[in-house]
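Just so we're aligned: the sequence shown equals residues 0 to 344 in numbering that gives the first Met the number 0. All C-beta atoms in this analysis are idealised placements derived from N, C-alpha and C, irrespective of residue type, glycine included. Keep in mind it's a predicted model, so treat the numbers as computed, not measured.
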Amino acid sequence: MINVKTRASGLLLSAVFLTIGFFAATAQAQSPTEIQAALDAAYTKYQNLEEGANADYIPALAAVDSNIYGIALVTADGKVYTAGDIESEVSIQSISKVFTLALVMDEKGADTILNTIGADATGMRFNSIVSVEWSKKGLGGPEMNSLVNPGAIATTSMVEGDSREAIWNSILNTYSEFAGRPLAVNQEVFKSEAETNQRNQAIGYLMYAYGYIKDDPMRATDIYTEQCSVNVNARDLATMAGTLANHGKNPVTGKQVMKSENVPELLAVMATAGLYDDSGKWLYRTGLPAKSGVGGGIIAVSPGKFGIAVISPRLDDAGNSVRAQLAIADISNALHGNPLEAGTQ
Ligand code: DON
């Protein structure tokens, strides 16, 4: 039996440790000036970098201004920092996959995703058809994930709703709640991709043939194409990422927009496959769960600390924005955002 005196000194000791822990954590947190300085430094460092090229397999993306360069960071307690162009909007493209996955995880549970689509990197390009064949037949199981096109189209097909309109409204509403403002579709991009997405249609049919998609694969592909066409600016994307950094609660609006229990699984898929076949390299350099889109955006999440986004349309060979990768890595490293650093000296 613990006597009163032992208990009292135990309590005192806990209080001392808590206080030390609090001051250690506070000492590590960066001041607003330091955070802004990190954004400004990365903005300036890469401002004149012109490496890479706009995506052009979707004709409307080739016409987007390649010079757009905006950075935003939203802390888990809702403070917003920006540098450069945060007004210009680009289509969200593959970053949308994260938020449709969040919706399906909330509706059906994280285990449903694991048991149907899977949570493994394909190691192949984002629109690989071979990856579908390989997953299903070669390895005897769902070695795929919701952040590459085949898994993403299947994930979109799982969103609940009685009609196309109901499903679409649910998706757009989810994205808007993550961003903290009503988002809208870029109709020009939607039309352009819908006219040229025969490869995704083929993927949709293949996923249907193999039983990943249970009903009309062309409807799923069409909704997927529309979700990729939602317009966002850097601040929208950073708020969406900041919501993931804050356990699914939008730190700016204060609204819980996804179940906090599903956030770790969502971040795990981002860490595994967020930058496609370059996901390993990215994780090696930054430790951050992230997601890119061929519109030029990248989001990254430092859990409990911040969400960050950069928009810059010039992409590398893997389809990831060149400046966005460099700027996010610099800023996160300056702010000790790498969650894998925990415990290092
Ligand atoms: O399905 C596609 O090809 C595009 N709507 C999205 C691809 C994408 O963003 C890949 N990103 N790096």
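request  = Return yes when at least one heavy atom of the ligand DON lies under 6 Å from the C-beta of Gly-292, else no.
outcome  = yes
N-terminal and C-terminal residue of the beta strand (DSSP E) that Phe-98 is part of = Run containing Phe-98: none in the beta strand (DSSP E); it sits in the alpha helix (DSSP H), 95–107.
message = Quick check on this structure: which residue in Glu-194, Val-300, Ile-152, Val-321 has the alpha carbon closest to the alpha carbon of Asn-337?
response = For Asn-337, the nearest C-alpha among the options comes from Val-300.
ask   = Is the beta carbon of Gly-296 within less than 6 Å of some heavy atom of the ligand DON?
value = Flag unset: Cβ of Gly-296 not near the ligand DON.
task = Give a yes or no on whether the C-beta atoms belonging to Ile-166 and Val-158 are separated by under 7 Å.
result = yes
inquiry  = Rounded to the nearest angstrom, what separates Lys-248 and Lys-254 at their Cα positions?
reply    = 5 Å
Boundaries of the beta strand (DSSP E) in which Tyr-80 is found, first to last residue = 79–83
query = If you drop the 5 nearest sequence neighbours on each side, which residues of the same chain put their C-beta closer than 7 Å to that of Pro-181?
reply = Ser-175
query = Which same chain residues, not among the five before or five after Asp-350, have their C-beta less than 7 Å away from its C-beta?
reply = No answer is possible for residue 350: it lies beyond the span of the chain, which begins at 0 and ends at 344.
ask   = Secondary structure at Asp-202, three-state DSSP: helix, strand or coil?
value = Note that residue 202 corresponds to Ile in the displayed sequence, not to Asp. Correct three-state label for Ile-202: helix.
inquiry  = DSSP three-state label for Gly-230, please.
reply    = For clarity, residue 230 is Asn in the given sequence; the question names Gly instead. Here Asn-230 sits in strand by DSSP.
With 16 other Cβ atoms within 10 Å as the buried cut-off, status of Pro-263 = exposed
query = What does DSSP give as the partner residues of Ser-291 in its beta bridges?
reply = Ile-297
message = Quick check on Ala-28: does DSSP put it in helix, strand or coil?
response = coil
Sequence-distant residues of the same chain with beta carbon closer than 8 Å to Ile-212, five excluded per side = Ile-152, Ala-153, Ser-156, Gly-203, Met-206, Ala-219
message = Distance check for Ile-222 and Gln-73, CA to CA, integer angstroms please.
response = A quick correction: the sequence has Val, not Gln, at residue 73. Approximately 29 Å, taken between the alpha carbons.
ask   = Taking 6 Å as the line, does the beta carbon of Gln-226 fall inside it for any heavy atom of the ligand DON?
value = Checking every heavy atom of the ligand DON against the Cβ of Gln-226, none is found closer than 6 Å.
message = Using only CA atoms, which one of Glu-192, Lys-44, Val-97 lies nearest to Ala-322?
response = Checking the sequence, you will find Arg at residue 322 rather than Ala. When Glu-192, Lys-44, Val-97 are compared, the shortest CA-CA separation from Arg-322 is found for Lys-44.
task = For Asp-276, count neighbouring C-beta atoms within 10 Å of its own C-beta (all shown protein chains included) and say buried if the count is 16 or more, exposed if not.
result = buried
inquiry  = With DSSP as the reference, identify every bridge partner of Gln-255, one or two as the case may be.
reply    = Lys-248.
query = Is the beta carbon of Ala-41 less than 7 Å from the beta carbon of Ile-330?
reply = yes
request  = Examine the ligand DON and report whether any of its heavy atoms sits within less than 6 Å of the Cβ of Phe-177.
outcome  = no
query = Helix, strand or coil: how does DSSP classify Phe-305 here?
reply = strand
message = Here's a check: name, in chain order, each residue in its chain whose Cβ is nearer than 6 Å to the Cβ of Ala-251, leaving out the five neighbours to either side.
response = The sequence given here places Val at residue 251; Ala does not occur at that position. If we look at Val-251 and ignore the five residues flanking it on each side, its Cβ neighbours are Gly-77, Gly-179, Thr-238.
ask   = Near Val-293, which residues of its chain fall below 6 Å by C-beta distance, leaving aside the five closest residues on each side in sequence?
value = Taken in chain order, the residues that qualify are Ala-54, Gln-92, Gly-318.
task = Measure the alpha-carbon distance for Gln-46 versus Glu-225 and round it to whole angstroms.
result = 31 Å
key: Residue from Ser-30, Phe-177, Asn-185, Asp-119 whose Cα sits closest to the Cα of Cys-357   = Because residue 357 is not part of the residues shown, which for the chain are 0 to 344, the question remains open.
inquiry  = Given the structure, does Phe-125 come close to the ligand DON, in the sense that its CB is under 6 Å from one of the ligand's heavy atoms?
reply    = True, at least one ligand heavy atom lies under 6 Å from that Cβ.
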